[in-house]
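J.: Protein chains in written order, with full-length UniProt numbering: chain A, 1 to 369; chain B, 1 to 369; chain C, 1 to 369; chain D, 1 to 369.
4 protein chains.
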Amino acid sequence: MSGSTFGELFRVTNFGESHGPAVGCVVDGCPPGIPLTEADIQHDLDRRRPGTSRHVTQRREPDRVEILSGVYEGRTTGTPIALVIRNEDQRSKDYADLLDTFRPGHADYTYWRKYGLRDPRGGGRSSARLTAPMVAAGAIARQWLRSECDLQIVGWMSQLDDIAVPFVDESQIPLNPFFAADAAVVPRLEQRMDELRAAGDSCGARIDVVARNVPAGLGEPLFGKLDADIASAMMSINAVKGVEIGAGFDSVSQRGSEHGDELTPDGFASNNAGGVLGGISTGQELRVSIAIKPTSSIRTPRRSIDRDGTPTVVETKGRHDPCVGIRATPVVEAMLALVLMDHMLLHRAYDGAVSLPVPPIEGPVWPSA
Amino acid sequence: MSGSTFGELFRVTNFGESHGPAVGCVVDGCPPGIPLTEADIQHDLDRRRPGTSRHVTQRREPDRVEILSGVYEGRTTGTPIALVIRNEDQRSKDYADLLDTFRPGHADYTYWRKYGLRDPRGGGRSSARLTAPMVAAGAIARQWLRSECDLQIVGWMSQLDDIAVPFVDESQIPLNPFFAADAAVVPRLEQRMDELRAAGDSCGARIDVVARNVPAGLGEPLFGKLDADIASAMMSINAVKGVEIGAGFDSVSQRGSEHGDELTPDGFASNNAGGVLGGISTGQELRVSIAIKPTSSIRTPRRSIDRDGTPTVVETKGRHDPCVGIRATPVVEAMLALVLMDHMLLHRAYDGAVSLPVPPIEGPVWPSA
Amino acid sequence: MSGSTFGELFRVTNFGESHGPAVGCVVDGCPPGIPLTEADIQHDLDRRRPGTSRHVTQRREPDRVEILSGVYEGRTTGTPIALVIRNEDQRSKDYADLLDTFRPGHADYTYWRKYGLRDPRGGGRSSARLTAPMVAAGAIARQWLRSECDLQIVGWMSQLDDIAVPFVDESQIPLNPFFAADAAVVPRLEQRMDELRAAGDSCGARIDVVARNVPAGLGEPLFGKLDADIASAMMSINAVKGVEIGAGFDSVSQRGSEHGDELTPDGFASNNAGGVLGGISTGQELRVSIAIKPTSSIRTPRRSIDRDGTPTVVETKGRHDPCVGIRATPVVEAMLALVLMDHMLLHRAYDGAVSLPVPPIEGPVWPSA
Amino acid sequence: MSGSTFGELFRVTNFGESHGPAVGCVVDGCPPGIPLTEADIQHDLDRRRPGTSRHVTQRREPDRVEILSGVYEGRTTGTPIALVIRNEDQRSKDYADLLDTFRPGHADYTYWRKYGLRDPRGGGRSSARLTAPMVAAGAIARQWLRSECDLQIVGWMSQLDDIAVPFVDESQIPLNPFFAADAAVVPRLEQRMDELRAAGDSCGARIDVVARNVPAGLGEPLFGKLDADIASAMMSINAVKGVEIGAGFDSVSQRGSEHGDELTPDGFASNNAGGVLGGISTGQELRVSIAIKPTSSIRTPRRSIDRDGTPTVVETKGRHDPCVGIRATPVVEAMLALVLMDHMLLHRAYDGAVSLPVPPIEGPVWPSA
């Protein structure tokens, strides 16, 4: 409604501003009895944390999560889990001169038009920092999904600027700051980032994410479709401008005889659907791809106006990622986890599902298809 | 929740199956005092109706809407408006032999896995016929949006198969069955459709839609973002596999210095954002593009399995559109109208918006950019 | 939100006006595979129907329900079930002279203030006729609750005007038009009704309702409490002015040593809680009691004003129940069934419940306590 | 859904346990630009605070609220306001011996049945301590309601045990710990409390609350009725067993000619409706009354069972209010404020209301009627 709660049964209510006292969330609807410690959440938070490589913002935030409720003696109690992450490195002075202007590509102008006032420090509520609580909530969901049905979620960067990043070796993903599944391409990515930093400019990225061992039958027609909820979740992430499921926009020029995935006794023969038909999961690998726009905060001077409509020039001087997409992978994974957890709970409510003798075996692996 | 209601304040609850007694919806949350007759709704329904050209399904449905409630003496009363469209041409026998198998690309398999049983007649609940009530509800929203702020929504086909359809002349859109904004390309589209029909195959389409005179300030951060709600609405439409806002996937290889729309005293200098920044409308033209997969019902034999997992071959014989995208434009417009109406009402609840001396004047026209 | 949908997982969206073309509802979130025919629903509708005794409104409505969707070959499919009841006996002329005035005790004034216009025929949307679709939806819920855990819901009139109706024999309830559980008191009730009719006046009633075999563990703290949802459901029924759970207002002057129900190996020793502790069901009999105000439509002249604020006198001449409470029992049962079904589904989503060796055995029977 | 969020447009998500690190809430949907400091909230919190008189629990909690987000330079920004109250005085040892048993009248048994585990310290999530965040959220709502339309909410104790507390002088309410509107009765109340404390027993209370200057037209038919939402809000408060609107249960034995409030050019002639007709506010004083059961924690030994079903005896030794109703008045006021604020926002979304020449002038003052 008012835009800070995500999910229906597994509900995450997010709060905070980039440079306020804290960011955090309340996770309501978590089943009881799940083992949960702050360390479980911290692991995922650390993957998203700024300051971990020279290619991302140098803001130093320990991003230490504190659990305020909902856990007793190491287990969830079924009551809301409040998570708080204090903001510590808040160099508000970096933003002082931007108070009166609207940075191109940022939400400064729209927040001003919507609310009539805004917290200008670090983007306030529109900062990517607000994805931290979602990663924290997603860590809880992922823990449950793993224990419930060994559901695994893996994301990676598949394109940076115009450099395609092939899916060669999944085990490489955690070994480089780009979440690239190909060690060979990393030097080129680093070079491009250095060039952009030198030029005071930025670029976009494409992130792919899959979920494996997704039960068939998740998703509600007509408007709680699994892919519709995923699209909403992905578009909720800062800077996302496009979402594809399965073949995505390539399906426009596919023929029906090619696109429609045939069924065999061994499973589907392909996966153009991306694991969703009619809004409901097929049991195949779930396949999602998103477009992230270039970082808006750049050192290149840009035309803008102030609150009186007078022309001005804006040039960002703060610490920023030359490509916000670099740190987006853990966020994308977390949002997908939240959607899936929500639909798993919903599925349990309505069930009626049957076991078919046909196992939902995978077709060819996606990125190579 | 259970998936048949769309919207928060302007709520549309959809019901029906392709070959059941009726399809329809209940529109709740419509402000009182709006002039409304069945004819107002019928106009939009007729644009979506099957059987209007040789390129779309020849199922003959008058699609006559009946208002059961919520209107008194030609005006809405503020109470729920129930709309019913009786199904008349229900050749269920066409589907009899498909009862036991799962058509590739269709939701047969997933409905079976989810519910354990399904209405197989014409796709049942997963039929594109269920978009008719949404078009009807959208007609009410569009009427209100026009009267409230002259908000206009225009959609068109921008690609069919691999044929790009240039945006040349908006006035051409209603003059051809493809909703193409270029008369010159229509013969090529017709030829392609004839080829596909002869080959028993199908293709996809890309649909673009814009909204003009959208007030600035619509959209709730973080999760009721205008673009997130649009993505959800679009992905709720049958056969949609991708959604873009503004520059969409092109933004991946854009530079920040190019993508971020500069502000001038005359308005934004460009519109890569597609009219949304930080999830909130800028006042610019809202720009959305979607990918529609090829029709799954084709005369080409395809491999499948039956409910026992035994291999079989499926070949659809019923009446179907060779490209479901051809009739999608009115649906896309309607869904966008529903999202905008919902956010307009929400905006009135929270308001706080201010008037800026800077008018949200448009940059270069989108499709040509 | 906009007020026509009840429930979260088992959602009923109600539509219609007293004298419009139809009333009805869409039931979304019904599990698949439940046997359901129109006859199953009709039985409960007939219990609520007007014109069945001389003590209730003589409006003749067959109240014939038609299922428009969601049922295939006699079983629910898991998709929304649309129910329509055509309005047939619509003597609108009875209300013509009331168009311009506000009947005391009715919603005429408030609808006018809220919407600026209203459908005056028979109370329009505020008519008790709108409870018919809720009874229809409740019939579906009751069918499922019975089959799921033999959950039984029984309501009765416990007071009419100042006449207490003792709970003597449950089997008497369906045998008299008052839903009285004591045959001996019926003549007194009939006499009181005749007196009121002769005097052109009306009276109120108290209705009690219990549910048996309610599983322990239903209800969500803090705000989806089972008793809070019941209170909301009951207060949603026309003319209800008070709701009690268990000991209700008597608990004000009880001592803690009396009120708190002791637990024994054989179950609770009493039931002052009414089957709910901390908002969660105990497994005991659920006990609810409501107050229904006197019928507002009476033949006694009353002071009022017209839309210009000019004093006038109102005297209702239409056909009305001298006590709307007489027909309320099936409605109360239906609303309780909707709440319980919703919470049962929610419980399945979250579960975590355990089996205790202590059976939730009943204490003394309630009405006699 | 999962029970920790209250409201639709003005949404309060509550978290915490009695003896966990903190209790608190996230208030989402607060309009921007409202002056707000921690001191504004603290004032209301202090009215509810324990340890303020010898008649309430001697737990010493400063109940210091901290604002974590949503306020910038002393004004709300329109983004979620997170409020945290640290738990400081947590004598968990008091509860150690109750870990394994179910205290009669408490939610111990139902939490155990629902979740399979529970936080036993001080009642955990079911503690009345969780009303503190609601009072804090209510303080924000009350501030807005006052500034918007001078809407005033006043509650008082109208009965303690069997002692009726007459409404004599509203100015007395803040001057005694009972929120009694009659100084003369206070000694009797104190004496009764002393007797109960000496006897190790407890009693219930009745709380009345009114809202003045409520705009006409608030409330959505059929299920977002103002009185239904109030009933739900009140029943959400710990220990509440009954809710009345206006004449409440007295309306059962009223005649229609008495109950239906006549309209005159000077306003309504009486207020049996309690300010709500058809679920919509009339503009009159809103009148609500609730029953609070006796405190369940008493020093009198009571029968119970342990988790194995073995009989045991429970005797509470911790610090507890002999009448929980004594501190309930600020909570009741807060919950009413939350409902009204929510409906005010909703009203702004839908509006359509008109101004009538008839002012909603009050009839006789309620408690004396």
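C-beta atoms are modelled at their ideal positions from N, C-alpha and C, and glycine is treated no differently.
Hey, does residue 109 of chain A have any beta-carbon neighbour from chain C nearer than 7 Å?
T.: Not closer than 7 Å to any Cβ of chain C, the Cβ of residue 109 of chain A fails to qualify, so no.
J.: Are the CB atoms of residue 86 of chain B and residue 22 of chain B within a distance shorter than 7 Å?
T.: For residue 22 of chain B and residue 86 of chain B, yes; Cβs fall inside 7 Å.
J.: Mind listing the chain C neighbours of residue 6 of chain D? Cutoff is C-beta to C-beta under 9 Å, in chain order.
T.: Within 9 Å Cβ-Cβ: 222, 223.
J.: Can you pull the chain B residues whose beta carbon is under 9 Å from the beta carbon of residue 102 of chain C, in chain order?
T.: Near residue 102 of chain C there are no residues of chain B at all, since even the closest Cβ is about 17 Å away, more than 9 Å.
J.: So that I know if they touch, is there some Cβ in chain A lying closer than 7 Å to that of residue 350 of chain C?
T.: Taking Cβ atoms only, chain A reaches closer than 7 Å to residue 350 of chain C, which makes this a yes.
J.: Would you mind sorting residue 317 of chain A into buried or exposed? The rule is 16 or more other CB atoms within 10 Å of its CB.
T.: Counting Cβ neighbours within 10 Å, residue 317 of chain A comes out exposed, since fewer than 16 surround it.
J.: For residue 9 of chain A, I'd like the list of residues in its chain whose CB is within less than 6 Å of its CB, leaving aside the five on either flank, ordered along the chain.
T.: Contacts found: 29, 342, 345, 346.
J.: Out of A:38, A:105, A:150, A:278, which has the shortest C-alpha to C-alpha gap to residue 224 of chain A?
T.: Comparing Cα positions, the closest option is A:278.
J.: Check whether chain A comes within 7 Å of residue 3 of chain B, counting only Cβ atoms and requiring the distance to be less than that.
T.: Yes, its Cβ sits closer than 7 Å to a Cβ of chain A.
J.: Taking Cβ-Cβ distances shorter than 7 Å, what residues in chain C pair up with residue 9 of chain A?
T.: Correct list: 349.
J.: On the three-state DSSP scale, how would you describe residue 114 of chain A?
T.: Of the three classes helix, strand and coil, the one that applies to residue 114 of chain A here is helix, per DSSP.
J.: Run down chain A in chain order and give the residues with a C-beta less than 9 Å from the C-beta of residue 346 of chain C.
T.: Those are 9, 349, listed as they occur along chain A.
J.: Chain A partners of residue 14 of chain B, CB-CB under 7 Å?
T.: Chain A residues near residue 14 of chain B: 222.
J.: Starting from residue 135 of chain A, trace the alpha helix (DSSP H) both ways and give me its first and last residue.
T.: Here the alpha helix (DSSP H) through residue 135 of chain A covers 131 to 149.
J.: Counting only beta-carbon atoms, is residue 29 of chain C nearer than 7 Å to chain B?
T.: For residue 29 of chain C, the answer is yes, since a Cβ of chain B falls inside 7 Å of its Cβ.
J.: Under the three-state reduction of DSSP, which class applies to residue 82 of chain C: helix, strand or coil?
T.: Looking at residue 82 of chain C - three-state DSSP - the assignment turns out to be strand.
J.: I need the DSSP call for residue 35 of chain A, collapsed to helix, strand or coil.
T.: Residue state, collapsed to three classes: strand.
J.: Taking C-alpha atoms, which residue in C:19, C:78, C:39 lies nearest to residue 220 of chain A?
T.: Taking only the C-alpha atoms, the option nearest residue 220 of chain A is C:78.
J.: Should residue 69 of chain B be flagged as near chain C, meaning a C-beta pair shorter than 7 Å?
T.: For residue 69 of chain B, the answer is yes, since a Cβ of chain C falls inside 7 Å of its Cβ.
J.: What's the gap between the Cα of residue 54 of chain A and the Cα of residue 233 of chain A?
T.: Approximately 29 Å, taken between the alpha carbons.
J.: In the DSSP assignment, find the beta strand (DSSP E) that holds residue 312 of chain D and state where it starts and stops.
T.: Run containing residue 312 of chain D: 311 to 314, per the beta strand (DSSP E) assignment.
J.: Can you list, in chain order, the residues of its chain with a C-beta nearer than 6 Å to that of residue 272 of chain B? Leave out the 5 residues immediately preceding and following it.
T.: 246, 247, 259, 261, listed in sequence order.
J.: If you follow the alpha helix (DSSP H) that residue 9 of chain D is part of, which residue opens it and which one closes it?
T.: Unbroken run through residue 9 of chain D: none, as it is neither H nor E.
J.: At least one CB of chain C closer than 7 Å to the CB of residue 145 of chain B: is that the case?
T.: No, residue 145 of chain B does not count as interfacial toward chain C.
J.: Buried or exposed for residue 310 of chain D, please, with buried defined as at least 16 other CB atoms from any protein chain shown within 10 angstroms of its CB.
T.: Looking at its Cβ environment, which holds fewer than 16 other Cβ atoms inside 10 Å, residue 310 of chain D is exposed.
J.: Consult DSSP for residue 125 of chain B and reduce its assignment to one of helix, strand or coil.
T.: It is helical.
J.: So is residue 412 of chain C in contact with chain B if we call contact Cβ pairs under 7 Å?
T.: No statement about residue 412 of chain C is possible, as the shown extent of chain C runs from 1 to 369 and does not include it.
J.: In chain order, which alpha helix (DSSP H) runs of at least 4 residues are fully inside the stretch 232 to 317 of chain D?
T.: With a minimum length of 4 residues, the continuous alpha helix (DSSP H) runs that stay inside the stretch 232 to 317 of chain D are 256 to 259.
J.: Measure from the C-beta of residue 137 of chain A to each C-beta in chain B and report whether the shortest distance is under 7 Å.
T.: By this cut-off, residue 137 of chain A is not an interface position.
J.: Does the beta-carbon of residue 195 of chain C have 16 or more other beta-carbons within 10 angstroms, so that it is buried, or is it exposed?
T.: Residue 195 of chain C is exposed by the Cβ-count criterion.
J.: Check whether chain C comes within 7 Å of residue 308 of chain B, counting only Cβ atoms and requiring the distance to be less than that.
T.: Residue 308 of chain B does not count as touching chain C.
J.: Can you say whether residue 11 of chain C is buried or exposed, counting buried as having 16 or more other CB atoms within 10 angstroms of its CB?
T.: Buried, by the Cβ-count rule.
J.: Check each candidate in C:285, C:116, C:155, C:256 and name the one with the smallest Cα separation from residue 293 of chain D.
T.: Per the Cα distances, C:256.
J.: On the three-state DSSP scale, how would you describe residue 64 of chain C?
T.: Of the three classes helix, strand and coil, the one that applies to residue 64 of chain C here is coil, per DSSP.
J.: I need the straight-line Cα distance from residue 160 of chain A to residue 189 of chain A, nearest angstrom please.
T.: Straight-line Cα distance between these residues: approximately 7 Å.
J.: What would DSSP say about residue 331 of chain C, mapped onto helix, strand or coil?
T.: Of the three classes helix, strand and coil, the one that applies to residue 331 of chain C here is helix, per DSSP.
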